[in-house]
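Protein chains in written order, with the working numbering: chain U, 264 to 390; chain E, 264 to 390; chain L, 264 to 390; chain W, 264 to 390.
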DNA sequence: GTGGTCTAGACCACC
DNA sequence: GTGGTCTAGACCACG
């Protein structure tokens, strides 16, 4: 289900957060669907339960999931507002990465192509 | 000259690397121009010299500057090859950020506008 | 375990890098084996932890080891490609040293004998 | 006459020492021949005279040249003994470099070919 | 317990 | 004056 790189410099819990975000964004995991329990995921991935917990808490903080104590963790509905803060941060990151990419020779057309691909992937599920 | 967030989770030397990259990319600092000396920057920013050193060595590793021991640190000429690896990494990051941005409601047109702005900023200096 | 010359002009961390390379090359330290922790080595050699760190990071940069933050440093698998650059540098050094050695009277047969010894030492572990 | 890399990490005086050694070893500069004066070389290379001086002193220390105060610097006769110390050091370096080269995949035959080339270059002048 | 980062301050080689 | 190295010792994130 997941491929985590235990040798990566990036913390495992962050990798988990990213992977789960992808699943949510691409709507493999749908709104209100239950995520695998900490214990199950922990044994499946042979990873410390604390690490899973930390990832779930982080996703909750970012509004991607919500937790019902005693029940489990569930995918949250996307709120298209209240994200201005996060969007500002993303925009900033975007500028940084784009600057470097263009400086190193990536072409504008290549970038636009990437955008289109991502756009299809993300919004493809909606109508 | 710089605004560093000493409280950020992101290491100071990484922040410095990013800030300096921006200056180089936007050609505020030009090829072969000398960067402020480790000690000068250290006192200006009230940051330990070792931290500045680390940032400079990282920039050198990435090919953005070169160092002449006993002379100083200087902006390197851009090499348009040998960047394929770095570009692949940037592309990957790009996909990740774009996914999330689009998911959270950023519009394709907005993104393209950002690209154009960055493109002008970076390539504006060239002819 | 190591004999470092603290008075040498050669930086301690470079000496460490060389010593560790020998251990890795001669397969005293085997692939994926854990290296002594920064702190342990630091107290064993009565050398500052930062210096050990620097040596480890240099070895990582050269592809001899990899680091798992929070876990330790481990011997990397040898990659037989991507070394062309390094090999070119080594070849250059070789020519320089051989020139001087032959000029000072070292005989071709002696050198070939040395090669054979090294060859056995390095490739002896393989089949 | 010389190509010095002012951008190299290696000190300029060391580069000079190496270049001059090559000229002496390959007998472009012959025994008792006079080396260019510090002043001349200094202006030719647009390099600080102190740096040239340092290189000459180093070559003298290693027995490659001798200096007649008020006259100049001259190529010394090779002494085929008294070099045991230097030869031991070279041998040690040789082992180190060969180990790494072989470890990284350089073949024994390649190395022997290099030796032959160098041997011809160095001893070619003699009969 | 592990590596990663940072500070404060020192000494050295180079030019 | 410049970068390069090193020490002594601290704090933090990670698992």
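Cβ atoms here follow ideal geometry from the backbone N, Cα and C, with glycine treated the same way. Quick caveat, the model's predicted, so the values are computed rather than measured.
Nearest CB-CB separation between residue 368 of chain L and chain W: below the 9 Å threshold.
Ranking W:342, W:357 and W:380 by CA distance to the CA of residue 367 of chain L puts W:342 first.
Going by DSSP, residue 288 of chain W is part of the alpha helix (DSSP H) stretching over 275-288. Closest in alpha carbon position to residue 291 of chain E, among E:278, E:338 and E:347, is E:338. Cβ proximity to chain U below 8 Å picks out 329, 330, 331 and 332 from the stretch 328-355 of chain L. Inter-residue distance for residue 266 of chain L and residue 327 of chain L is about 21 Å (C-alpha atoms, whole angstroms). Residue 294 of chain E has its alpha-carbon roughly 16 Å from the corresponding atom of residue 334 of chain E.
When the five nearest sequence neighbours on each side are left out, the beta carbons in the same chain lying within less than 6 Å of the beta carbon of residue 298 of chain L are those of 336, in order along the chain. Contact between residue 369 of chain E and residue 286 of chain U is ruled out by a C-beta separation of about 20 Å, above the 8 Å threshold. Per DSSP, reduced to three states, the secondary structure at residue 358 of chain E is helical. Residue 363 of chain U has a beta carbon lying within less than 9 Å of a beta carbon in chain E. Around the beta carbon of residue 361 of chain U, a 10 Å sphere encloses 16 or more other beta carbons of the protein chains shown; the residue is thus reported as buried.
Think of a sphere of 8 Å around the beta carbon of residue 310 of chain W: no beta carbon from chain L falls inside it, the nearest being about 21 Å out. Around the beta carbon of residue 313 of chain E, fewer than 16 other beta carbons sit within 10 angstroms, so the residue counts as exposed. Minimum Cα-Cα distance from residue 280 of chain W among the listed residues W:315, W:268 and W:270 corresponds to W:315.
Residue 330 of chain L: member of the beta strand (DSSP E) spanning 328-331, first to last residue.
Excluding five sequence positions before and after residue 385 of chain L, the CB atoms of its chain that fall closer than 8 Å to its own CB belong to 288 and 289, given in chain order.
Cβ neighbours of residue 301 of chain U within its own chain (closer than 6 Å, five residues either side excluded): 312, 315 and 316. Here residue 382 of chain W is near residue 371 of chain L, since their CB atoms are less than 9 Å apart.
Residue 359 of chain L and residue 363 of chain W do not touch by the CB rule: their CB atoms are close to 15 Å apart, not below 8 Å.
Apart from the 5 residues on each side of it in sequence, residue 331 of chain W sits with its Cβ closer than 8 Å to the Cβ of 337 in its chain, given in chain order.
For residue 267 of chain W, no Cβ of chain E is located within less than 9 Å of the residue's own Cβ. Taking CB atoms only, residue 386 of chain W has a neighbour in chain L less than 9 Å away. For residue 341 of chain W, there is no enclosing alpha helix (DSSP H), as DSSP marks it with neither H nor E.
Straight-line measurement puts the Cα of residue 347 of chain E at about 44 Å from the Cα of residue 319 of chain W.
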